[in-house]
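Just add 5 to wherever you are in the sequence shown, counting from 1, and you've got our numbering. All C-beta atoms, glycine included, are put in the ideal place defined by N, C-alpha and C. Okay, so here's the structure we're looking at.
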Amino acid sequence: MEFKDRLLKKIELFHKAKILVIGDIMLDQFVWGEVWRISPEAPVPVVQVERESFLLGGAANVANNLRSLDAQITWNYRK
Numbered sequence: 006m007e008f009k010d011r012l013l014k015k016i017e018l019f020h021k022a023k024i025l026v027i028g029d030i031m032l033d034q035f036v037w038g039e040v041w042r043i044s045p046e047a048p049v050p051v052v053q054v055e056r057e058s059f060l061l062g063g064a065a066n067v068a069n070n071l072r073s074l075d076a077q078i079t080w081n082y083r084k
């Protein structure tokens, strides 16, 4: 059996998986736009922002990806 076939077989069993994900829940921010010059004060680009997007990051992204594969996800967090 090829690696690809074994991997697909494992993915099919994800609905039975119970996986513990430990880590931080983060929110990733992406800034989309055009760089129109480099700042004279520091070597950083000056961006004309066109839009922003926010996506899950850190362990939250991992848990979300596992959930998309039908793994069982349970959240437990502390304030």
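- From P45 to I24, what distance separates their C-alpha atoms? 49 Å
- Query: What residues match up with V67 in a beta bridge as DSSP calls it?
  - Reply: In the DSSP output, where bridge partners are listed per residue, V67 has none listed.
- Check L60 in the structure and name its three-state DSSP category. strand
- Task: Please list, in chain order, all residues of the same chain as V40 whose beta carbon is under 6 Å from its beta carbon, the five residues on each side excluded.
- Result: P50, V52
- Are the beta-carbon atoms belonging to L61 and L32 less than 9 Å from one another? yes
- Could you give the distance in angstroms between the alpha-carbon of R42 and the alpha-carbon of E55? 15 Å
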